[in-house]
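In full-length UniProt numbering, the protein residues as written are 1 to 761.
See the structure below:
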């Protein structure tokens, strides 16, 4: 009995395969359409049909009337390659059905044109359940509908994949434009830097000298009204109703992407009301919409992963900052999530409304359940990525993002396992991108924090000092990494880790304020000038307190040169920075934790190509200014670029912060002939820090940004020079500075450029 059951199962198994057999190319559509049209009809059993063939209902391979009808229709409607491919597909179908195509040679020999012309035609819509006893010819109008339906069904996935390439094409074009623009800008800045060394030369950008005047005006207007200007009022870094307001160029890019996404999701659905196989028009739309939106969501994912990465090579290639790519990342995520939700809805409606039993059957499979899991987790990403959560519980947001991302990738692999490995190539790039980013992070960490001696031993642990200044509520973090393969420069951002902390995986980005060579001389190569003469005693006391032994001293027997010491100014809020502050308070203001650095990241602005630089800083944003002051003045010290003026305007809330910096990084620049410093305290009254030979005045209130930039623009027009405005501070300060620069450019001053070093949520 068991043998008999096994035999029946073995014989029936090919039929199961046959049900899933479908055309492999367009030449087989013709025959497949004819087969799908004629095989459901009721045919009189042939006297020569075996009992096995009848048991597995392979009448399309052995029933004389049906085989003849199928062949005659193929001969009538399928020509050239479609005829040969159709017969081969038919034979393959019969083999998979556990039988063989019989009597075809005799039929081919007997068929003539006259014989076909005498045959009656049949329309399956009309014949109903009538038993057909003799060969017939499929009605041509029905055949045309059938072959269109087959073509629509069989090519739908291929068409959807091809359409999804529009997503890749769009973002590829955006990146290409950014790369070209960055290349042109780099050449322009390099040429301008050469001109800045010679005051006798014109200080106009080279492209402005040689480009036609009208073209120059058009380019300048685009830069003013599209590239620099926010989309709504003066909001960009500041949040408007809890939302980030992009720049106009960013808004246009995002709106174009949304428009493209909508167009691609609606493009070329081959659905029509008289489809003989796919039911109603509504059913066809649900049927075709599901795969289309799934492939479009897949197309968004690689760009979504790339733009979120810390080691995004496009940041370097385009010169755009991380915030720009993060903005694109968020909109890619929203579009992808919407696609995934509608994809799930379409399949749910398709099954529940038209075939409920199939829905509940699929609900028991892993591929179906994990598809639901992926959609749900992607949808939850939206509330878990809100500004409120990121600002208050950033680490929670980050952990949720990482865990959900890993689970989503796994769920998508299982979800697509129904189709074997056909569609997994769309998912492997996500694994590669994520792995590449993590690998580069590990490599950067290793190169910066470990040094291997020629003997093979790892030598020199990092040295770090954290000093808390209670009067200004600021942390000064000094780190001497074991190694810095890439020399630090102005604008560099480093991620700082504390491996011994409770949350050892935490890492936070900070812009480098300065770096100091191991010999003790500042990076600019010039001897330090006195800060405030009256504060020399305080400076000496400060130096004595910070020059003590560090936590992990290097092996002094090693001859390996030490790396520069990196300095960061950080305001403690909550979380990790607050824990650092508390540790300092417990240790009389100075602690020596083990800190690791990863970097450098960030952008290095070409301020050296401008004849005048205006720096508008707020709070601990002064670190950006000190780093660029080191860079700009070091070029002059070695006979490089000539700068007519560097104006620094710094607004603080705590007066003592000015004193702290003047005893440190700013001290050597206070008396420099090319640097003018203006200090403002937003709380209290006018102050004067007096010394033995001079005094430093601190104005009350905030820096008058409008008048500062207006004066700089007027001077640029007067001397025909180029002025750069560098801003780092609170969101309101950055937005006000941007608005002031845009206003001056609208007033006709095209020689002023805006650079921003600001972080936003």
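Backbone N, C-alpha and C define an ideal beta-carbon position, used for all residues, glycine too.
1. Would you tell me roughly how many angstroms separate the C-alpha atoms of residue 536 and residue 254, rounded to the nearest one?
2. From residue 628 to residue 340, what does the alpha carbon distance come to, in whole angstroms?
3. From the DSSP output, which residues share a beta bridge with residue 724?
4. Following the continuous beta strand (DSSP E) through residue 599, name the residue where it begins and the one where it ends.
5. Where does residue 225 fall in DSSP's three states?
6. Can you tell me whether DSSP reads residue 676 as helix, strand or coil?
7. In angstroms with no decimal places, state the Cα-to-Cα distance between residue 65 and residue 137.
8. Is the beta carbon of residue 30 closer than 8 Å to that of residue 147?
9. At the level of alpha carbons, what is the spacing between residue 665 and residue 741?
10. Would you mind sorting residue 53 into buried or exposed? The rule is 16 or more other CB atoms within 10 Å of its CB.
11. Name, in chain order, the residues that DSSP records as bridge partners for residue 647.
12. Which residue wins for smallest C-alpha separation from residue 154, given the options 575, 711, 492, 32?
13. Count the C-beta pairs between the stretch 273-286 and the stretch 303-321 that are closer than 8 Å, then say yes if the count reaches three, no if not.
14. In terms of residues, what are the limits of the beta strand (DSSP E) holding residue 450?
15. On the DSSP bridge assignment, give the partners of residue 96 in chain order.
16. Given residue 472, which residues of its chain have a CB within under 7 Å of its CB, disregarding the five upstream and five downstream residues?
17. Please confirm if the stretch 618-626 is in contact with the stretch 582-590, defined as three or more CB-CB distances below 8 Å between the two stretches.
18. Measuring straight from C-alpha to C-alpha, what distance separates residue 176 and residue 214?
19. Have a look at the DSSP bridge pairing and note the partners of residue 243.
20. Residue 79: buried (16+ other C-beta within 10 angstroms of its C-beta) or exposed?
21. For the beta strand (DSSP E) containing residue 486, list its first residue and its last residue.
22. What is the C-beta distance between residue 493 and residue 509, in whole angstroms, given that I count them as a contact (C-beta under 8 Å)?
23. Check each candidate in 342, 308, 439 and name the one with the smallest Cα separation from residue 329.
24. Measure the beta-carbon distance from residue 163 to residue 267 and round it to whole angstroms, keeping in mind my assumption that it falls under 8 Å.
25. Within 10 angstroms of its Cβ, does residue 490 collect 16 or more other Cβ (buried), or is it exposed?
26. At 4 residues or longer, what runs of the alpha helix (DSSP H) sit wholly inside the stretch 80-168?
27. CB-CB under 6 Å to residue 371, same chain, minus the five flanking residues each way: which ones, in chain order?
28. Would you list the residues sitting across from residue 441 in a DSSP beta bridge?
29. Grouping DSSP H, G and I as helix and E and B as strand, with all else coil, what is residue 653?
30. What residues are listed by DSSP as bridge partners for residue 43?
31. Alpha helix (DSSP H) containing residue 505: first to last residue?
32. In whole angstroms, what separates the C-alpha of residue 338 from that of residue 297?
33. Whole angstroms are fine: how far does the CA of residue 462 sit from the CA of residue 592?
34. For residue 516, does the three-state DSSP call read helix, strand or coil?
35. Have a look at residue 332 and residue 729 and give me their C-alpha separation to the nearest angstrom.
36. Quick check: the Cα distance between residue 222 and residue 751, rounded to an integer number of angstroms?
If we stick to the structure as given:
1. Walking along the chain shown from the start, residue 536 turns up at place 536. Walking along the chain shown from the start, residue 254 turns up at place 254. The predicted position of residue 536 is uncertain, since its pLDDT is 37 and thus under 50; a value taken from the coordinates is nonetheless stated next. One C-alpha to the other measures close to 54 Å.
2. Here residue 628 refers to the residue found at position 628 when the chain shown is read from its first residue. Here residue 340 refers to the residue found at position 340 when the chain shown is read from its first residue. Spanning the two alpha carbons is a distance of roughly 46 Å.
3. What you label residue 724 is simply residue 724 of the chain shown in a count that begins at 1. For residue 724, which the question treats as bridged, DSSP gives the partners 613, 753.
4. For the purposes of this step, residue 599 is identified with residue 599 of the chain shown, where counting begins at 1. From DSSP, the beta strand (DSSP E) with residue 599 extends over 596-601.
5. Within the chain shown, residue 225 is the residue found at index 225, counting from 1. Residue state, collapsed to three classes: helix.
6. Mapped onto the chain shown, residue 676 falls at position 676. Looking at residue 676 - three-state DSSP - the assignment turns out to be strand.
7. Here residue 65 refers to the residue found at position 65 when the chain shown is read from its first residue. Here residue 137 refers to the residue found at position 137 when the chain shown is read from its first residue. Those two C-alpha atoms are separated by around 11 Å.
8. The residue given as residue 147 occupies position 147 in the chain shown. The residue given as residue 30 occupies position 30 in the chain shown. Contact flag set, yes.
9. If you number the chain shown from 1, residue 665 lands on position 665. If you number the chain shown from 1, residue 741 lands on position 741. Using only the alpha carbons, I get a separation of about 28 Å.
10. The sequence position of residue 53 within the chain shown is 53, counting from 1. Unreliable placement is indicated for residue 53, whose pLDDT of 47 sits below 50; no coordinate value is reported for it.
11. Residue mapping note: residue 647 aligns to position 647 of the chain shown, counting from 1. According to DSSP, which records beta bridges pairwise, residue 647 is partnered with 614, 676.
12. Along the chain shown, read from residue 1 onward, the residue named residue 154 stands at position 154. Considering only alpha carbons, the answer is 32.
13. no
14. Looking up residue 450 in the chain shown gives position 450. Residue 450 -> no beta strand (DSSP E), and no H or E assigned at all.
15. The residue given as residue 96 occupies position 96 in the chain shown. For residue 96, which the question treats as bridged, DSSP gives no partner whatsoever.
16. Locating residue 472 in the chain shown gives position 472, counting from the first residue. Once the five neighbours on either side are set aside, the close Cβ partners of residue 472 are 654, 656, 657, 660.
17. no
18. Within the chain shown, numbered from 1, the residue matching residue 176 stands at position 176. Within the chain shown, numbered from 1, the residue matching residue 214 stands at position 214. About 26 Å.
19. In the chain shown, residue 243 corresponds to position 243, counting from 1. Paired residue(s): 240.
20. To locate residue 79, count along the chain shown from 1; it is residue 79. It is exposed - the Cβ of residue 79 has fewer than 16 other Cβ atoms within 10 Å.
21. Start at 1 with the first residue of the chain shown, and residue 486 comes out as number 486. No beta strand (DSSP E) contains residue 486, which DSSP labels as neither H nor E.
22. Taking the chain shown and counting its residues from 1, the one referred to as residue 493 is at position 493. Taking the chain shown and counting its residues from 1, the one referred to as residue 509 is at position 509. So it is a contact: roughly 5 Å between Cβ atoms.
23. Taking the first residue of the chain shown as position 1, residue 329 is located at position 329. When each option's Cα is compared against that of residue 329, the closest is 308.
24. For the purposes of this step, residue 163 is identified with residue 163 of the chain shown, where counting begins at 1. For the purposes of this step, residue 267 is identified with residue 267 of the chain shown, where counting begins at 1. Confirmed, Cβ separation roughly 6 Å.
25. If you number the chain shown from 1, residue 490 lands on position 490. By the 10 Å Cβ count, residue 490 comes out buried.
26. 81-96, 104-110, 113-118, 124-127
27. The sequence position of residue 371 within the chain shown is 371, counting from 1. Closer than 6 Å at Cβ, skipping near neighbours: 415.
28. Numbered from 1 along the chain shown, position 441 holds the residue referred to as residue 441. Bridge partners of residue 441: none, in fact.
29. Position 653 of the chain shown, counting from 1, holds the residue named residue 653. Correct three-state label for residue 653: coil.
30. The residue labelled residue 43 in the question sits at position 43 within the chain shown. Paired residues: 132.
31. As a position in the chain shown, residue 505 is number 505, starting the count at 1. That residue, residue 505, is in no alpha helix (DSSP H); it is neither H nor E in DSSP.
32. Within the chain shown, residue 338 is the residue found at index 338, counting from 1. Within the chain shown, residue 297 is the residue found at index 297, counting from 1. Looking at the two C-alpha atoms, the distance is approximately 8 Å.
33. Your numbering for residue 592 matches position 592 in the chain shown. Your numbering for residue 462 matches position 462 in the chain shown. Taking the straight line joining both Cα atoms gives about 11 Å.
34. Here residue 516 corresponds to residue number 516 of the chain shown, with the count starting at 1. Here residue 516 sits in strand by DSSP.
35. Numbered from its first residue, the chain shown carries residue 332 at position 332. Numbered from its first residue, the chain shown carries residue 729 at position 729. Their backbone Cα atoms lie some 29 Å apart in a straight line.
36. In the chain shown, counting from the first residue as 1, residue 222 sits at position 222. In the chain shown, counting from the first residue as 1, residue 751 sits at position 751. Going from the Cα of residue 222 to the Cα of residue 751 covers about 14 Å.
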